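**Q** Protein chains in written order, with the working numbering: chain A, 42 to 354; chain B, 363 to 790; chain C, 2 to 272.
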Amino acid sequence: MAVTSTAAPRRARAARGGPLERQASRLFWPFVGPALAFYALLFLAPIAYAAWTSLYKWDGMGAMQWRGLGNYQTLLDDQAFHYAVTNTVKILVVGGVATFAISFLLTLALREMAGKMFARSVLFFPCLVNALVFGIAAGFLFGPTGPVNKMLNLLGIDAVPKWLSIDNLPAMIIATIVWTATGYYTTIIMAAVDQIPTYLYEAAELEGANAWQRFRHVTLPLSWEVVSVCAVLWTVSSVKVFEIVLLFGGGATVSSAPIQTWTTAMYVYYSAFPGSSVPKLGLAAAAAVVSLIMVGVFVLILRRMMRRERVSL
Amino acid sequence: MRAPKVLAAGVVAALALTACGGDKGTTEEKGGQFTYWSMWKENEPQAKVIKAAIDKFQAETGTKVTVEWQGRDIRTKIGPAIAANKAPDLVENGFDVISSLLASTGQARDLTPVYDSEVPGEGKKVSDVIPAKYLDAMPKDPDGVTRWIVPYVLNSAMFYYNKADADLAKTPATWDDFVKLCETLKAKDKACVASDGDNTWTNFLFMDYLLVRDNGPGTMGKIVNDKTGAGWDQPGVLETAKRIEAFVKAGHILKGYDASKYPAQQTNWATGKAAFHLDGTWVPSEAQKNLASGFKVGEFAVPTTAGGANTELDIIPLGFAIPKRAKNPEPAQKFIAYFLKKDNISGISTEAKNITPRADVPAPEELLDAQKLLTDSPSRLPIDGVSGDYLDKALFPAFSELWLGKATAEQFITKAKEGHLAYWKANG
Amino acid sequence: MRRIGHTIVWLLVVADLALLAWIFVTSLRDTQSIFNEPFGLPVPPQGGNWAKAWADGGFSGAAINSVGVAAVSSLVAVALAAPAAYALARRRTRTSNALTMTFALGLGVPGQVLLVPLFVGLAAVELTDSFIGLTVVYIGLAMPFTVYLLTGFFAGIPVVLEEAAAIDGASGLRAFVKVVLPVARGGLITAFLLQFIGAWNETLFAIALMTSDDKITLPVALVNFVGLQQYAGRDWGTMFAGICIILAPMVALFSWLGTRIIQGMTVGIGK
Chain A
42 MAVTSTAAPR RARAARGGPL ERQASRLFWP FVGPALAFYA LLFLAPIAYA
92 AWTSLYKWDG MGAMQWRGLG NYQTLLDDQA FHYAVTNTVK ILVVGGVATF
142 AISFLLTLAL REMAGKMFAR SVLFFPCLVN ALVFGIAAGF LFGPTGPVNK
192 MLNLLGIDAV PKWLSIDNLP AMIIATIVWT ATGYYTTIIM AAVDQIPTYL
242 YEAAELEGAN AWQRFRHVTL PLSWEVVSVC AVLWTVSSVK VFEIVLLFGG
292 GATVSSAPIQ TWTTAMYVYY SAFPGSSVPK LGLAAAAAVV SLIMVGVFVL
342 ILRRMMRRER VSL
Chain B
363 MRAPKVLAAG VVAALALTAC GGDKGTTEEK GGQFTYWSMW KENEPQAKVI
413 KAAIDKFQAE TGTKVTVEWQ GRDIRTKIGP AIAANKAPDL VENGFDVISS
463 LLASTGQARD LTPVYDSEVP GEGKKVSDVI PAKYLDAMPK DPDGVTRWIV
513 PYVLNSAMFY YNKADADLAK TPATWDDFVK LCETLKAKDK ACVASDGDNT
563 WTNFLFMDYL LVRDNGPGTM GKIVNDKTGA GWDQPGVLET AKRIEAFVKA
613 GHILKGYDAS KYPAQQTNWA TGKAAFHLDG TWVPSEAQKN LASGFKVGEF
663 AVPTTAGGAN TELDIIPLGF AIPKRAKNPE PAQKFIAYFL KKDNISGIST
713 EAKNITPRAD VPAPEELLDA QKLLTDSPSR LPIDGVSGDY LDKALFPAFS
763 ELWLGKATAE QFITKAKEGH LAYWKANG
Chain C
2 MRRIGHTIVW LLVVADLALL AWIFVTSLRD TQSIFNEPFG LPVPPQGGNW
52 AKAWADGGFS GAAINSVGVA AVSSLVAVAL AAPAAYALAR RRTRTSNALT
102 MTFALGLGVP GQVLLVPLFV GLAAVELTDS FIGLTVVYIG LAMPFTVYLL
152 TGFFAGIPVV LEEAAAIDGA SGLRAFVKVV LPVARGGLIT AFLLQFIGAW
202 NETLFAIALM TSDDKITLPV ALVNFVGLQQ YAGRDWGTMF AGICIILAPM
252 VALFSWLGTR IIQGMTVGIG K
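1) Using a beta-carbon distance cut-off of less than 9 Å, what residues from the segment 606-626 of chain B approach chain A?
2) Can you list the residues of chain C that A:F165 reaches, using a CB-CB cut of under 9 Å?
3) How close, in whole Å, do the beta carbons of B:V512 and B:I710 come, if the pair is a contact with beta carbons under 8 Å?
4) Looking only at its own chain, which residues have a Cβ that is under 8 Å from the Cβ of B:L736, when we skip the five neighbours before and after it?
5) Pull up the CB-CB distance for C:S61 and C:F241, whole angstroms please, since I reckon it's below 8 Å.
6) Quick check on the burial criterion: 16 or more other C-beta atoms within 10 angstroms. Buried or exposed for B:A499?
7) Among A:F289, A:V135, A:L343 and A:I214, which residue has its Cα nearest to the Cα of C:V227?
8) Going along the chain, which residues of its own chain have a beta-carbon closer than 8 Å to the beta-carbon of C:W237, five neighbours each way excluded?
9) Checking 8 Å against the spacing of the C-beta atoms, do B:T666 and B:R575 come in under that value?
10) Give the single residue among A:L96, A:T115, A:L116 and A:G101 whose Cα lies nearest to the Cα of A:W107.
11) Measuring CA to CA, which of C:M251, C:W257 and C:T260 is closest to A:P167?
12) Note down, in chain order, every chain B residue with its Cβ under 7 Å from the Cβ of A:K98.
13) Tell me where the beta strand (DSSP E) around B:V429 begins and ends.
14) Let me check understanding here. Comparing Cα to Cα, which of B:S489, B:V459 and B:D539 lies closest to B:R509?
15) To the nearest angstrom, how far is the alpha carbon of B:A663 from that of B:M520?
16) Does DSSP put B:Y624 in a helix, a strand or coil?
17) Can you find at least 3 beta carbon pairs, one from the segment 67-85 of chain A and one from the segment 249-267 of chain A, that sit closer than 8 Å?
18) Rounded to whole angstroms, how far is the Cβ of C:G265 from the Cβ of C:L150, which I believe are closer than 8 Å?
19) Anything in the segment 56-70 of chain C with a Cβ closer than 8 Å to a Cβ of chain B? List those residues in chain order, please.
20) According to DSSP, is B:Q773 helix, strand or coil?
21) Apart from the five residues on each side of it in sequence, which residues of its chain come closer than 7 Å, Cβ to Cβ, to B:I444?
22) A:I342: buried (16+ other C-beta within 10 angstroms of its C-beta) or exposed?
23) Find out if the Cβ-Cβ distance for the pair A:A125, A:T276 is shorter than 8 Å.
24) Determine the burial state of B:G387: buried for a count of at least 16 other Cβ atoms within 10 Å of its Cβ, exposed for fewer.
25) Could you check where the alpha helix (DSSP H) with B:L473 kicks off and where it finishes?
26) For A:V295 and chain C, any beta-carbon pair shorter than 8 Å?
27) With a cut-off of 8 Å on the beta carbons, I'd call B:G790 and B:K589 a contact; round off their distance for me.
28) Going along chain A, which residues have a C-beta under 9 Å from C:N98?
29) Alpha carbon to alpha carbon, how far is B:C600 from B:Q773?
30) Between the segment 327-336 of chain A and the segment 110-118 of chain C, do three or more beta carbon pairs fall short of 8 Å?
31) Leaving out the 5 sequence neighbours to the left and right, which residues in its chain are closer than 6 Å to C:T129 when beta-carbon positions are compared?
32) Does the beta carbon of C:S213 sit closer than 8 Å to a beta carbon anywhere in chain B?
33) CB-CB under 6 Å to C:F154, same chain, minus the five flanking residues each way: which ones, in chain order?
34) Rounded to whole angstroms, what is the Cα-Cα separation between C:W23 and A:V286?
35) Does any residue of chain A have a CB that is nearer than 8 Å to the CB of B:G591?
36) Who are the near neighbours of B:I775 in its chain, counting only those whose CB is closer than 8 Å to its CB and skipping five residues on each side?
What follows is the structure, encoded as structure tokens:
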């Protein structure tokens, strides 16, 4: 190969881009092929397979039985799936609003702070930690006689909240997710906000805009693009939430966290790998397909909402 | 292009290697070989007892045993392994897990041949040393077989208390006595029972026992299997729920239970903060390292009610099973019979501190009361053998509201029935 | 106003650091004293927890497996994704754009969608409970993000470089290996790091696919350890030592290459 191409270089210059283009086109498939093969085999084909499996009743051991949309009907009737969807949507919406509000506040606070790089790094770190860890730590920290309650007692508060009662667990889980995710989104938003030229703020200040107005009319519109990408990221990551639910509170029964805390990912896992009943692979696949549809629907809704918002500016 | 090609070649070579490597276990040996998935981790006392027996078995028979100390998560792995056609030849677990994962789907081998075989060197059959009453209670598999498990641990569920505590000298015989005793303790500023709010299976033991005490054997099973939900409308069931409600409202449960995580309150019981604890017979060994000094563990059964007729006691056998797809079932069966030999299984009592199903192997000291109760009482399965997602999805969410004081007995019945109907709609 | 903001930020920072410190300190104390006094200092420090977690808790083997699976899968993922991303970044045809889009869409697929199919597929070729199986799954899972990240990265490298190489008579492949890759080293390292972190923490597939004790990765070891305590009584000290084993490499990587990690995870999004 190297031998044949030595003769041509000088002339190549005249037909600008010609040989380069040709090379690029020749190498395109060999370069893209392997990655595409892996991607098709491990991503695209499985999605199709999941959709197909979701139409069957199957324990993975015996034969598959055609159920049509029966598994989806089961999901509609299953209380556990209702919890799973509700929790996932709560994480997505409530957790999302909280995360972005806090991230913006932190961005503003961090703007001219001494040591801001250090602070940002520390706040960023939790997103590199396996969420199992937070689940376990929370179980200890918030136990009835745990450190948090002891501290509250010291402060003279005797009516300590029942942090880990089943009713409160979903809220605790959302709070933990928000806390671990904020640093990450703060960092992204901060990078975008740092790109905004300072003279815009100076101009706004000259016109007598207060802090809120500066935020509303300068910061927000100019970082909107990034925020809308972040919102999509958030959607995907909240539909994936799994680890933190699995062990939240250091659970009594590992293989079944209380159904009131389940997310769709948890539901899929539990249906496919149950602790003490027959695996329901078809049902698991149906729930998985629903969670994929959820991502799609939410992303579409978000894009519409964000677009409208941008127009109104 | 070169790099990916080399990589691809590497991956293919590696794949080929493992594909070959996977089959290397089939070398013929004198006593054959089998694979064994244990529910214990290698450093647990039960594992040590089993390991000692395996070593002897290998030496005596020339059989090669490949053990994997899976630990508790084995329950999530058996099904997938069978699905992937990688079934181990011998597995073990509680009867509930074996039943729902293997037996109920017809994936468990009938172990009657093991029961008919001799315990090596004892001149007795396996069926002579394991009382039939424990096995007859097992749920039937699709072929009507109940002998799909050979237990070597016989757990139960009952109350634990400190025999050295003068206030508890006389254990209550009836539920009313029990509640009265709780009142007395309350006057002395002592909590009656400990419970971890999230440990719903354990907490449900109260309701489960009182249901059969009030309404006779098999009540729970009948309720669950009546798809119309009419079982929940029986007046007797509401009455039992009212007992629970009254007990909860009276504040007899150690404070903080509604927001605690297992085993926090159990530990508090061990340190003496509550008088009684109702749970499986694994509690004494679990609580061992936290027991207050001078604590002498004793047991009594959940007291009787009204007629006093029902004295059934839960049995939770834990033992061996063989998947139908196992490739080497015979040597695995031989090992089961071998392990039941007195000098092997004794370690389960002396080292692992569990009760064995053999009445001639004395239970550890802290469980002697329990062993006597097991021998003397008629047996039943906890929750009449109902397990799996009916409990997690339909029943437990409703019951935990009752137990945590958030619902009245009537509200509990309504919610349980709703969950029941939804469950059968989804799974019927 | 600003002062309040700063104070809150610092409080959060201190809380984060305190939590880490507390986990570490607790891992050096025995369970009884943790239970009685959660904020005590380790007097004397109990190295025993670590030894126990490392040996009995099964964290040592799991740690080695985690390193192996994470390193190999990340390396292969980058090796596969780099040429693809380069080709996609350089060639702006309709096919190329469609493919770029296809890869990016993968970012929106939650892992649980692939759980059942990948399990069934791997079982069919006897690759469940196998390092190769898990590694292959991680490589597949890494494709969308790694291709996406690197496409953006290669697009930022001026074409002039390859033109110069072409003038010197280098073939396209040669130009890519000798000229583009060295320039792109930073991006490749970032892609490797991020994939490594992802694989290190991945739990869903590890827990579903790996069954043998000697093949599990760290998150599975932690889940198993918690499950074990269901029968054996709580052993907080050892559990926190196990948590530290999972955390340590992340802390080390982050202190060493923090800026690179942060940029890799965020800058691509801002653009």
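All C-beta atoms, glycine included, are put in the ideal place defined by N, C-alpha and C.
The structure presented is a predicted model; accordingly, all values stated were derived computationally and were not measured.
**A** Short version:
1) K617, G618, Y619, D620, A621, S622, K623, Y624, P625 and A626
2) For this step, residue 165 of chain A is matched to residue 124 along the first sequence. Ordered by position in chain C, the residues that pass the 9 Å Cβ test against A:F165 are F255, G259, I262, I263, M266 and T267.
3) Counting from 1 along the second sequence, the entry for residue 512 of chain B is found at position 150. Counting from 1 along the second sequence, the entry for residue 710 of chain B is found at position 348. No, B:V512 and B:I710 are not in contact; Cβ-Cβ is about 13 Å, not under 8 Å.
4) Position 374 of the second sequence holds residue 736 of chain B. Cβ within range, chain order: L516, S518, L675, I677 and I717.
5) The sequence position of residue 61 of chain C within the third sequence is 60, counting from 1. The sequence position of residue 241 of chain C within the third sequence is 240, counting from 1. Actually they do not touch by this definition, with Cβ atoms about 16 Å apart.
6) For the purposes of this step, residue 499 of chain B is taken as the residue at position 137 of the second sequence. Buried, by the Cβ-count rule.
7) In the third sequence, counting from the first residue as 1, residue 227 of chain C sits at position 226. Closest option to C:V227, Cα to Cα, is A:F289.
8) Taking the third sequence and counting its residues from 1, the one referred to as residue 237 of chain C is at position 236. Here the set comprises T27, T32, I35 and F36.
9) The count along the second sequence starts at 1 and reaches residue 666 of chain B at position 304. The count along the second sequence starts at 1 and reaches residue 575 of chain B at position 213. Contact: yes.
10) Counting from 1 along the first sequence, the entry for residue 107 of chain A is found at position 66. Cα-wise, what sits closest to A:W107 is A:L96.
11) Counted from its first residue, the first sequence places residue 167 of chain A at position 126. Nearest option by C-alpha distance: C:M251.
12) Taking the first residue of the first sequence as position 1, residue 98 of chain A is located at position 57. Under the 7 Å cutoff, chain B gives no residues; its nearest Cβ is about 11 Å from A:K98.
13) Against the second sequence, residue 429 of chain B aligns to sequence position 67. K426 to W431 is the extent of the beta strand (DSSP E) around B:V429.
14) Reading the second sequence from its first residue, position 147 is the one you call residue 509 of chain B. Minimum Cα distance to B:R509 is reached at B:S489.
15) Working through the second sequence from its first residue, we reach residue 663 of chain B at position 301. Working through the second sequence from its first residue, we reach residue 520 of chain B at position 158. Roughly 5 Å between the two C-alpha positions.
16) Along the second sequence, read from residue 1 onward, the residue named residue 624 of chain B stands at position 262. B:Y624 falls in the coil class under three-state DSSP.
17) no
18) Locating residue 265 of chain C in the third sequence gives position 264, counting from the first residue. Locating residue 150 of chain C in the third sequence gives position 149, counting from the first residue. Yes, C:G265 and C:L150 are in contact; Cβ-Cβ is about 7 Å, under 8 Å.
19) D57 and G59
20) As a working mapping, residue 773 of chain B is identified with position 411 in the second sequence. Three-state DSSP puts B:Q773 in a helix.
21) Counted from its first residue, the second sequence places residue 444 of chain B at position 82. If we look at B:I444 and ignore the five residues flanking it on each side, its Cβ neighbours are Q469, P685 and R687.
22) Within the first sequence, numbered from 1, the residue matching residue 342 of chain A stands at position 301. A:I342 is exposed by the Cβ-count criterion.
23) Within the first sequence, residue 125 of chain A is the residue found at index 84, counting from 1. Within the first sequence, residue 276 of chain A is the residue found at index 235, counting from 1. No, the pair does not count as a contact, with Cβ atoms beyond the cut-off.
24) Residue numbering aside, residue 387 of chain B sits at position 25 when the second sequence is read from its first letter. Note that B:G387 scores 42 on pLDDT, short of 50, meaning its location in the model is unreliable; the coordinates nonetheless yield the value given after this. Label assigned to B:G387: exposed.
25) Counting from one through the second sequence, the residue named residue 473 of chain B turns up at place 111. B:L473 -> no alpha helix (DSSP H), and no H or E assigned at all.
26) The residue given as residue 295 of chain A occupies position 254 in the first sequence. Because A:V295 carries a pLDDT of 45, less than 50, the predicted location of this residue cannot be relied on, and no value is offered for it.
27) Here residue 790 of chain B is taken as the residue at index 428 of the second sequence, counted from 1. Here residue 589 of chain B is taken as the residue at index 227 of the second sequence, counted from 1. The pair is a contact, with the Cβ atoms about 6 Å apart (cut-off 8 Å).
28) Along the third sequence, one-based indexing puts residue 98 of chain C at 97. Result: empty, since nearest Cβ-Cβ is about 12 Å, beyond 9 Å.
29) For this step, residue 600 of chain B is matched to residue 238 along the second sequence. For this step, residue 773 of chain B is matched to residue 411 along the second sequence. Looking at the sequence provided, one finds Leu at residue 600 of chain B rather than Cys. Approximately 10 Å, taken between the alpha carbons.
30) yes
31) Sequence index remark: in the third sequence, residue 129 of chain C carries index 128 (1-based). Once the five neighbours on either side are set aside, the close Cβ partners of C:T129 are L123 and L210.
32) Residue numbering aside, residue 213 of chain C sits at position 212 when the third sequence is read from its first letter. Yes, its Cβ sits closer than 8 Å to a Cβ of chain B.
33) What you label residue 154 of chain C is simply residue 153 of the third sequence in a count that begins at 1. Correct list, in chain order: G188.
34) In the third sequence, residue 23 of chain C corresponds to position 22, counting from 1. In the first sequence, residue 286 of chain A corresponds to position 245, counting from 1. Whole-angstrom Cα-Cα distance: 22 Å.
35) Here residue 591 of chain B refers to the residue found at position 229 when the second sequence is read from its first residue. Output row for B:G591: interface = no.
36) Along the second sequence, read from residue 1 onward, the residue named residue 775 of chain B stands at position 413. Cβ neighbours of B:I775 beyond the five flanking positions: W594, D595, V599, L600 and A603.
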